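Heads up, the sequence shown is in this note's numbering, so the first residue is 2 and it goes up one at a time. Cβ coordinates follow ideal geometry from the N, Cα and C atoms, glycine included. The structure presented is a predicted model; accordingly, all values stated were derived computationally and were not measured. Down below is the structure, laid out as C-alpha cells.
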Amino acid sequence: MTPPSDPKFLLRNVSAAYASKPVLRDVSLSFADRQISAILGPSGCGKSTLLRCLNRLNDRLPQFRLSGQVLLDGQDIYAPDADVIALRRRVGMVFQKPNPFPKSVFDNVAYGIRLHNLTNSASALADAVEASLTDAALWDEVKDRLDLPAQQLSGGQQQRLCIARALAINPEVILLDEPCASLDPRATARIEELLVALAARYCLILVTHSLAQAARVAAVTALLEEGAVIEVNNTSDFFTNPQHPKTQQYLSGG
Ligand SMILES: Nc1ncnc2c1ncn2[C@@H]1O[C@H](COP(=O)(O)OP(=O)(O)O)[C@@H](O)[C@H]1O
Ligand SMILES: [Mg+2]
C-alpha cells in the first residue's frame, strides 16, 4: 500500500533496545492525520514501546537506545533542539488501565488546562472542561457531579475521563495503548464509538490485541511481530486479503 503523502507521524528505520535486548527492528511506518491507525501484534512484540517512542516516554530509561528517525509533521522529535514538553502537549496518551488523578472529575480535566495556562478566567476554564467532557462523550453522565472523586466513576467512564483529560490541552495526536483492555464489551463499544468520532479531528494511533477492534474502527492496520512490521495495509485489505504468511497465521489465531 502507498503510504499517505503527508503523514502526521513518520517512522524511518526505527530500531530500539532496552540495554542489549532489541525490541524494535527497522520499523518504517507512517500514520495519517484524521484517521485511526491500529497496531496489532502478540504480547511482548513491542507495541507499547513503539507508542512510547512517539512521545519520548522512554527517554528517562537509562538503558533505552533508539536509532532511526521519528518525524512529527516532518520535524525530528529526537533532534537535539526538540522540545519534549511541547511534544507531549501535541501528542497525548491514554493507557491500558484508566489512570485518573486522585482528584475530582472537574480537576482531572482542568489539570492540563491550568498547567499550560490555556484559559484566563474561571468561566473560560469551566467552558473548556465542559467542551472536553462533551468531546469525550462523558458530559451528560457527569455534569451534575463534577466534584465527584474520579475514582468513583465506572471503569469505562474513567477511561473516557482520561480521554477528556488528553483532549483538554488540544493535542494533535492521541496514542491509545489497549484502552479497552480492562473494560467490558458495553464500555468498550462506547469507547470505540468515541474514537471513531474523534478520528474526524485527530491522528489516533491505537494499539490493540483485539483483531475485531482493529477491524471495527481502524482505517489502516499494521501487524508487528518481534519488533518488526510484518504487514501494513488499509484495514479491509489487511483482514480480507492478507499478503504475508505471518499475517495469515496471526489472523487465523496461530
Ligand atoms: N522498561 C523496560 N525494560 C526492559 N525491557 C522492557 C521494558 N519495557 C518493555 N520491555 C521488553 O520489551 C519487549 C516489548 O515490550 P512491549 O513494548 O511492552 O510489548 P507489547 O506492548 O507488545 O506487549 C518485551 O520483551 C518487554 O519485556
Ligand atoms: Mg503493551
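Item, Value
"At least three beta-carbon pairs within less than 8 Å, the stretch 53-72 to the stretch 85-93", "yes"
"Simplified DSSP assignment, three categories, for residue 48", "helix"
"Beta-carbon proximity of residue 183 to residue 149, cut-off 8 Å", "no"
"In DSSP terms, what residue 22 is bridged to", "19"
"Residue environment, residue 157, which counts as buried when at least 16 other CB atoms sit within 10 Å", "buried"
"Neighbour-count burial assignment, residue 122, 16 or more Cβ in a 10 Å radius", "exposed"
"Cβ-heavy atom distance, residue 75 to ligand 1, below 7 Å", "no"
"Residue 107 - DSSP class collapsed to helix/strand/coil", "helix"
"Contacts around residue 143, its chain only, beta-carbon distance under 6 Å, and the 5 residues preceding and following it disregarded", "106"
"Neighbourhood of residue 215 by C-beta, 6 Å cutoff - its chain only, sequence neighbours within 5 removed", "39, 41, 209, 222"
"Exposure of residue 194, with buried meaning 16 or more beta-carbon neighbours within 10 Å", "exposed"
"Coil, strand or helix - residue 122 by DSSP", "coil"
"For residue 159 and residue 74, the rounded distance between their alpha carbons", "31 Å"
"Touch test, the stretch 58-68 against the stretch 13-32, Cβ-Cβ under 8 Å, three pairs minimum", "yes"
"Residues of its chain near residue 218, where Cβ-Cβ distance is below 6 Å and the 5 sequence neighbours each way are ignored", "37, 193, 196, 197"
"Residue list, Cβ distance to ligand 1 heavy atoms smaller than 5 Å", "19, 24, 44, 45, 46, 47, 48, 49, 50"
"Euclidean distance between Cα positions of residue 11 and residue 225", "16 Å"
"DSSP bridge partner residues for residue 41 (one or two, in chain order)", "224"
"Any non-hydrogen atom of ligand 2 closer than 7 Å to residue 178 Cβ", "yes"
"Per-residue DSSP class, three states only, for residue 53", "helix"
"Residue range of the unbroken alpha helix (DSSP H) whose run includes residue 151", "Segment: none, residue 151 is in no alpha helix (DSSP H) and carries neither H nor E."
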